[in-house]
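Undergrad: One structure, as structure tokens, below. Some questions next.
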Ligand SMILES: O=C(O)CCC(=O)C(=O)O
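Residue numbers (this note's numbering): 95 to 371.
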């Protein structure tokens, strides 16, 4: 048993759970290195195009993309998936005690969901300000009765000033709300403010190794990063209650099930998982 009775109760009544030290720090470090390789590629590209001169090779991972690419970073996107796909991401989904906690929440074998995002949030960058939404707003109505827990994992310490997550406690009981495309730069889906109950608004500062779990119907957002020259790096990954609908974002092979932890089904090997993208 990884979770206490109180934690299970909180998940059920509030639709979120902050798990302290859910992902071992060596795995967090592997993810940081993986993203640093993507930053390397971006900076090489900008250098080749003569848009920058100094590649900032000695700068730490937390600062380099912002300090070197600056305004050019936007064209490389606000959430990366294919760019970082590989063994490190597979291993992160298997990390303990995170995976065990997911099994306790879903009450089934641990099954992976195809949607994950690597998210650099640069200081004062509008592109990465994510408005209020439920993840099922993206996955479609068929996912509204499914359980698709997200684990949001920061790669630097986060707080209210550098774009940590906020969520609305208990909002997973509101059903799927109407989402529309925002007209700000990020063009994210958003739920209008009238649905947000300020009395239940939770701001979630986190440390390295922590994971914030939330339900696919829990309203959440990330605000603008207003302090420091440290990039708010994070990754969000998802799981699925065995047998539930993934929603409208499927594997290429729609019959594929990504088994992460099971006593009765074969666990999907890395090579098979990679072949499904
Ligand atoms: O990382 C962020 O800024 C937003 C994350 C988010 O909205 C999500 O994981 O669904």
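Backbone N, C-alpha and C fix where the C-beta goes; we use that ideal spot for every residue, glycine too.
Give the residues whose C-beta lies closer than 7 angstroms to at least one heavy atom of ligand 1, in chain order.
TA: For ligand 1, the selected residues are 211, 213, 215, 222, 224, 227, 229, 244, 246, 257, 259, 314, 315, 316, 328, 330.
Undergrad: Would the beta-carbon of residue 327 fall within 9 angstroms of that of residue 259?
TA: No, the pair does not count as a contact, with Cβ atoms beyond the cut-off.
Undergrad: For a test of the three-state rule: what should DSSP assign to residue 175, helix, strand or coil?
TA: In the structure shown, residue 175 sits in coil (DSSP, three-state: anything other than H, G, I, E or B).
Undergrad: Roughly how many angstroms lie between the CA atoms of residue 333 and residue 187, to the nearest whole one?
TA: Looking at the two C-alpha atoms, the distance is approximately 8 angstroms.
Undergrad: What residue does the alpha helix (DSSP H) around residue 344 start on, and which one ends it?
TA: Here residue 344 belongs to no alpha helix (DSSP H), and DSSP marks it neither H nor E.
Undergrad: Could you say which of 246, 263, 267 lies nearest to residue 239 if we only look at CA atoms?
TA: When each option's Cα is compared against that of residue 239, the closest is 267.
Undergrad: So, residue 245 versus residue 330, is the Cβ gap smaller than 9 angstroms?
TA: Yes, they are a contact pair.
Undergrad: With which residues is residue 275 paired in a DSSP beta bridge?
TA: Residue 275 pairs with 283.
Undergrad: Could you please give me the residues that DSSP links to residue 315 through a beta bridge?
TA: Answer by DSSP bridge pairing, in chain order: 260.
Undergrad: Going by DSSP, what residues sit across from residue 151 in a beta bridge?
TA: Answer by DSSP bridge pairing: none, since residue 151 is not bridged.
Undergrad: Figure out for me which residue from 121, 285, 198, 228 has the closest Cα to the Cα of residue 181.
TA: Measuring from the Cα of residue 181, the nearest candidate turns out to be 121.
Undergrad: Does the Cβ-Cβ distance between residue 290 and residue 352 come in under 9 angstroms?
TA: Contact flag unset, no.
Undergrad: For the alpha helix (DSSP H) that residue 197 lies in, which residues bound it at each end?
TA: Note, residue 197: alpha helix (DSSP H), 192-200.
Undergrad: What are the partner residues of residue 206, as DSSP defines its beta bridges?
TA: BP columns for residue 206 point to 333, 352.
Undergrad: With H, G and I counted as helix, E and B as strand and the rest as coil, what does DSSP make of residue 328?
TA: Strand, per DSSP.
Undergrad: In chain order, what are the residue ranges of uninterrupted alpha helix (DSSP H) at least 4 long that sit wholly in the segment 113-151?
TA: Here the runs fully enclosed are 119-142.
Undergrad: With DSSP as the reference, label residue 239 as helix, strand or coil.
TA: In the structure shown, residue 239 sits in coil (DSSP, three-state: anything other than H, G, I, E or B).
Undergrad: With H, G and I counted as helix, E and B as strand and the rest as coil, what does DSSP make of residue 249?
TA: It is coil, neither helix nor strand.
Undergrad: According to the Cβ coordinates, are residue 223 and residue 318 closer than 9 angstroms?
TA: Yes, Cβ-Cβ distance for residue 223 and residue 318 is below 9 angstroms.
Undergrad: Taking Cβ to Cβ, would you say residue 241 is nearer than 9 angstroms to residue 144?
TA: Contact flag unset, no.
Undergrad: Compute the distance between the beta-carbons of residue 356 and residue 233, then report whether it is under 9 angstroms.
TA: Not closer than 9 angstroms, so no.
Undergrad: Is residue 290 helix, strand or coil when you go by DSSP?
TA: Correct three-state label for residue 290: coil.
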